[in-house]
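Just so you know, the sequences run in chain order A and B.
Sequential numbering from 214 applies to the first sequence in the working numbering.
Sequential numbering from 101 applies to the second sequence in the working numbering.
First up is the structure itself, then whatever we jot down about it.
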Amino acid sequence: MQVFEVFRREREGGPMQHAGNLLAPDPELAAHYAREFYGRRQESVRLWIVPRAAIRDLDDPDLLQPPFDRSFKKPAGYSTEIKRKLAEARERAGEEVEQG
Amino acid sequence: MTTQAAERLDRRAREALADLLLAMADDEFVLGFWDSEWTGIAPVLEEDVAFASLAQDEIGHAQALYRLLVDLEGRGDPDEVAFGRRPEEYRHARLLDHPRTDWAFSVARRFLYDTADAARLDALVASAFEPLAGLVAKMRREETYHLLHMHAWMERLANGGDEPRSRLVHALERLWPDARCVLAGVDDAPLVAAGVLAEPLAAVEQRWLDGLAPVFERLALPFPTVAPPAGGCRGPRRSDDFLWLWGQFTMVYRSDPGATW
């Protein structure tokens, strides 16, 4: 028996999302069981059935959680920082206008 | 719609149609109950869910067929037909008189039934009785998956080593004569004459056997040389096993007939 991970699409145009997993002796029965677990109530329009062994697993913290502040690599970090700088610049500019 | 379609049939065709609907409904109903007995004890959890789901599908088909029968006759209630009869009034094929037995036996029985039923549905999908044609079209879509699943299991048991194979062979030897009853025991001539059924049941059975022959040859499994039973293909005499099952599936209904659940 091997583990298969199942992904499902709920409606046309939607993303494939992880649904869960199951045990089966081979891909053919895995497809049947996936249909039973994640499709028999008409809750899916497509399933992907993937042997877990085919998945490359990556959880190395050196690769995924670097020790330095990397907030500038995050869109959110960038946008909040730029907003703060913009607000500061506007304030300065406003003061200059008043003085002039 | 059912009434209008029924009015186009003569009395003999209508009676034969009522018996065909009852026979098909009882086949699906009794098989559904036998196979639901695997709930909780199937070989693996995944198969437990799958087999119970297949059994539920059959009960659903039975419900639709009982409904059609009640509409055709213009009286009665599907629950009453399903649960309110004496054992000798059921019209299922003798194949469904056997108990669940072991896993290979249940797989072999379901495979024989599903393939025979598929041949029967093929002969009904263009039925002149349109309400049945419509229902059969829906049933066939669901049976596609049943057939895939049962073929998968037949292969695995046939090629799964000594014990699974010998259990499967033994089951088939016991089941073959009664399997021939699925496409028998109904007065088919008036149905063919009225265009309700595309061809006589004997022709449907030949098509079924012709389709199975290459599968059984490839898997080196026993194929019937025995003739079907001469009579009693669809009752009224029933096995003790069926009498027990009848007692189980009518127990709640009999406790308070006519109650609203």
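For each residue, glycine too, the CB sits at the ideal point set by N, CA and C.
Taking each of A302/B, G335/B, P300/B and A193/B in turn and checking the Cα distance to L131/B, the smallest one comes out for A193/B.
Between the alpha carbons of M124/B and E146/B lies a distance of about 29 Å.
Pairwise C-beta distances place the segment 205-217 of chain B in contact with the segment 269-280 of chain B, as three or more of them are shorter than 8 Å.
Excluding residues up to 5 positions away in sequence, L235 and A237 lie with their Cβ nearer than 6 Å to the Cβ of Y246/A in the same chain.
Contact check for V225/B against P277/B fails: the beta carbons are separated by 8 Å or more. Taking 8 Å as the CB threshold, L260/A stays off the interface with chain B. Residue environment analysis places E243/B among the buried positions, since at least 16 neighbouring C-beta atoms fall within 10 angstroms of its C-beta.
Residues of chain B whose Cβ lies closer than 8 Å to the Cβ of H245/A are, in chain order, A150, Y245, L248, H249 and A252. Taking a Cβ-Cβ cut-off of 8 Å, E218/A has no neighbours in chain B, whose nearest Cβ is about 14 Å from it.
Taking the CA atoms as reference points, E189/B sits about 8 Å from G335/B. Residue nearest to R222/A within the set Y251/A, P280/A, F285/A and R265/A is Y251/A (criterion: CA-CA distance). For F220/A, the enclosing beta strand (DSSP E) begins and ends at Q215 to R222.
Taking a beta-carbon distance threshold of 8 Å, V144/B counts as an interface residue toward chain A.
For W308/B and T215/B, the gap between their C-alpha atoms comes out near 7 Å. The residue among A142/B, M239/B and A150/B with its C-alpha nearest the C-alpha of A204/B is A142/B. S257/A is classed as buried because its beta carbon has at least 16 other beta carbons within 10 Å across all chains shown. Residues of chain A whose Cβ lies closer than 8 Å to the Cβ of S153/B are, in chain order, E249 and R253.
The residue among F342/B, M254/B and G331/B with its C-alpha nearest the C-alpha of E317/B is M254/B. Membership of R241/B in the alpha helix (DSSP H) is indicated by the continuous run E230 to A258. Comparing C-alpha distances from D287/B to each of R108/B, Q104/B, L117/B and L109/B shows the shortest one belongs to L117/B.
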